[in-house]
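Right, dumping it as structure tokens:
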């Protein structure tokens, strides 16, 4: 599905990525974790073409338009109603306005937003806006879904419910996913493989961990799986040693939630 | 009885009534010189005469024509220049200093110049209203486009949108919102331009009537005109506010 080879990238004179290589197989759920500012989001942006790499390759077995990108924030077009926001992508793929709006309403219903299509974004809650953004991306039925910390702004309950809904959907469609997150537990609960990105500048892949938990999964019950605790501990220890020193690790990994 | 005074509007109207009553009493009992401050009833009588005799209409027409003409041309030219400057760096380099200079002058001082260039007719008034509005609109559109939400731009690109889609779905609505937010200011500027232009040199218009009232020491006419201009600008404010509300319902 996706193969990244020796991807290097700089913002001006500041090197960000120093040769990142990773893969997402067909139908695989891959997560990428790393310290804030290490360049996780930059990798996603390079895949979708919002950022030009200095070196290395991004190889896709699908056309770029088959990629769905879910951003960290839920910035919808504020002057468009929820259904119009969802319909925009469909219309850009040549669908007429009326069928596109009907399809949009179907997707909103599937996301649990039945009858809210006529609302403007400001009339929706944060969780609802996130669901609209999800419907907007999923309505295009992407083969590869790129997600940039999609749930970070949500409260814990909304977050658990939304990620469960999304996971069910992804498993049913055998969609390939690359998720960027700073939540190690979330990454392990959702993914088939977790990649670790080292601290920048010149970040690179510091580890790759398969998650041997069967699918379909429940994002809460997965954490109770006997494999989960030891794996989390192992990844965490590798993280700490990768960064070097307890004090430093606390500073660099301060945002991580570790439920040991 | 006391319930009526619970509403701010009632209290404000009551305050106004008391103020006018005191003013009227003071004028009638000779505490105020009627040459400088005529009684409210005198001012009201002047207003009634202006309308009943029909003398006011050509003047109102002239002022409105100049203000709305300048407003329209100013909106169009300001928008085009602002958009061009925001999208083409060279145009921004050339235009921005000019606009900053124009912005630095109180633009009403250009009024006599426009009279020399364009004569004492309508054109010089439209020009003054235009220059006031155009500079404001230029900066509104220029910064509006530059400060467009980058996240929305990226979102539309990842959904498969090109330049035309970006313009239609992101830039135009976002600039329209900015413009509508400044519409009231623009309307005020347009009327300032028209009236000041007429005040400097004209043969008709509310500004001309004002300068006529000044030269004949007619304080009642002057105050009546000030009241009239206030009323019309408030009316247009209300209209533009409704337009803004209507077009930006998404903002709530």
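Chains as they are written, first to last, in the numbering used here: chain L, 22 to 281; chain B, 79 to 330. Note that the Cβ used here is the ideal one computed from N, Cα and C, for glycine as well. On a predicted model such as this, the values are computed, not experimentally measured, just so you know.
DSSP places residue 170 (chain L) in the coil class of the three-state scheme, outside both helix and strand. With the criterion set as a beta carbon lying under 9 Å from some beta carbon of chain L, the members of the stretch 235 to 262 of chain B are 235, 236, 237, 238, 239, 240, 243, 247, 248, 251, 252, 254 and 255, in sequence order. Residue 99 (chain L) reaches chain B at 328 and 329, counting residues in chain order whose Cβ is nearer than 8 Å. Nearest CB-CB separation between residue 92 (chain L) and chain B: below the 8 Å threshold. The criterion of a C-beta distance shorter than 8 Å is satisfied by residue 137 (chain L) and residue 149 (chain L). In this structure, residue 198 (chain L) lies near residue 166 (chain L), with their beta-carbon atoms less than 8 Å apart. In this structure, DSSP gives residue 196 (chain L) a state outside helix and strand, which the three-state scheme calls coil. If you keep only unbroken alpha helix (DSSP H) runs of at least 4 residues inside the stretch 100 to 135 of chain L, you get 103 to 113 and 118 to 131. Cα atoms of residue 214 (chain B) and residue 137 (chain B): separation of roughly 27 Å, rounded to the nearest angstrom. Not a single CB atom of chain B sits nearer than 8 Å to the CB of residue 83 (chain L). According to the DSSP assignment, residue 167 (chain B) belongs to no beta strand (DSSP E) but to the alpha helix (DSSP H) extending over 167 to 182.
DSSP links residue 88 (chain L) through a beta bridge to L:165. Neighbours of residue 324 (chain B) across chain L, judged by C-beta separation under 7 Å, do not exist; the nearest C-beta is about 13 Å away. The alpha carbon of residue 224 (chain B) has as its nearest neighbour, out of B:170, B:204, B:241 and B:185, the alpha carbon of B:170. By the neighbour-count criterion, in which 16 or more other beta carbons inside 10 Å mark a residue as buried, residue 182 (chain B) falls on the exposed side.
Contact annotation: the stretch 112 to 126 of chain L does not touch the stretch 266 to 286 of chain B, with fewer than three C-beta pairs closer than 8 Å. Residue range 86 to 106 is occupied by the alpha helix (DSSP H) that includes residue 106 (chain B). Taking C-beta separations shorter than 7 Å and ignoring five residues to either side along the sequence, the partners of residue 72 (chain L) in its chain run 30, 63 and 66, following chain order. In the structure shown, residue 28 (chain L) adopts extended strand secondary structure according to DSSP, grouped into three states. The C-beta of residue 172 (chain B) has fewer than 16 other C-beta atoms within 10 Å across all chains shown, which makes the residue exposed. Straight-line spacing of the CA atoms in residue 45 (chain L) and residue 200 (chain L) works out to 11 Å.
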